[in-house]
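Heads up: the sequence shown begins at 1149 in our numbering, then just goes up one per residue.
Glycine is no exception: its CB is placed at the ideal position from the N, C-alpha and C atoms.
Keep in mind the model is a prediction, meaning the values are calculated, not measured.
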Amino acid sequence: MSNTTPPMPDFPPPTPPATPKKSRTNAIIIGAAAAVIAAIVGTGIVVVQAQDDDSKPAATAESSAPTEAPATTVAEEPEPELEPSYVEVDPDSFTIELRTTDRQCFGSAGCNMTVEPKLTFVGDSTDIDPDAVYEITYEIRGGDSGPVIETAELSDQTSLNFMPTMLSTASAGSKLSVKITDVVAQGV
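Next up, the structure:
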């Protein structure tokens, strides 16, 4: 076995033709510069339009760089709040009863009583204006001294303020009656 190697050629093997490499660095720099210019021009347009009180179109310098459409948002105007509507309160808007808180009877001489109004709104109390104060005038009949007129105040839709009423009756069997005669709204 012989170790024979082929003879060496007289010239070096041909090198493959070199492909020229294109530099992408320049394209990246130009693209970035164009994007920055477009952003500055777009921001300038938005700022000038926002500050333009005369509603004249803003003059802008033309750029040879491609520009992107500036992102703008339209500010939505809040819808005007509708004023809430409340029911009109009148004497028929309530029912009234008397609650006896104290009673002292003296045989045939009659009774001394303390009564308070028990009012109920007919409907939903949220339908009443919460900012108004309603003066509710009512008349109590059946006492020895004749009819007694009192006033209660309704505020915050459910808060009732009143003074207890003291009266005398002819006998223990006397019946008292009550009726709302007027309602006046204050602060409406």
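**Prompt:** Looking at residue 1241 and residue 1331, is the spacing between their C-beta atoms short of 8 Å?
**Reply:** In contact: residue 1331 and residue 1241 (Cβ atoms closer than 8 Å).
**Request:** Would you mind giving the Cβ-Cβ distance between residue 1305 and residue 1273, rounded to the nearest angstrom? I have them listed as a contact below 8 Å.
**Result:** At roughly 5 Å, the Cβ-Cβ gap stays under 8 Å, so residue 1305 and residue 1273 are in contact.
**Prompt:** In or out: residue 1276 buried (at least 16 other Cβ within 10 Å) or exposed?
**Reply:** Buried is the call here.
**Asked** What number of angstroms, rounded off, separates the C-alpha of residue 1316 from the C-alpha of residue 1310?
**Response** When rounded, the separation of the alpha-carbon atoms in residue 1316 and residue 1310 is 19 Å.
**Asked** By Cβ distance below 8 Å, which residues in the same chain neighbour residue 1335 in space, the five residues on each side in sequence not counted?
**Response** Result list for residue 1335: 1279, 1280 and 1281, in chain order.
**Asked** Helix or strand or just coil, what does DSSP make of residue 1304?
**Response** The answer is coil: DSSP assigns residue 1304 none of H, G, I, E or B.
**Prompt:** Are the CB atoms of residue 1286 and residue 1265 nearer to each other than 8 Å?
**Reply:** In contact: residue 1286 and residue 1265 (Cβ atoms closer than 8 Å).
**Request:** Spell out the partners DSSP gives residue 1327 in its beta bridges.
**Result:** Beta-bridge pairing links residue 1327 to 1287.
**Request:** Ignoring anything shorter than 4 residues or poking outside the region 1224-1283, list the alpha helix (DSSP H) runs there in chain order.
**Result:** Along the length of the region 1224-1283, whole alpha helix (DSSP H) runs at least 4 residues long do not occur.
**Closest by C-alpha distance to residue 1295, when choosing among 1313, 1301, 1284 and 1307** = Looking at the Cα atoms, 1313 is the closest of the given residues.
**Prompt:** Any heavy atom of the ligand PLP closer than 7 Å to the CB of residue 1185?
**Reply:** For the structure depicted, the ligand PLP is absent and the ligand set is empty, with no information on it obtainable.
**Asked** Is it true that the CB of residue 1248 sits closer than 8 Å to the CB of residue 1237?
**Response** No, the pair does not count as a contact, with Cβ atoms beyond the cut-off.
**Asked** Alpha carbon to alpha carbon, what distance is there between residue 1232 and residue 1245?
**Response** Taking the straight line from one Cα to the other gives about 31 Å.
**Request:** Determine the closest residue to residue 1298 out of 1227, 1292, 1284 and 1308, with distance taken between C-alpha atoms.
**Result:** Distance from the Cα of residue 1298 is smallest, within the candidate group 1227, 1292, 1284 and 1308, for 1284.
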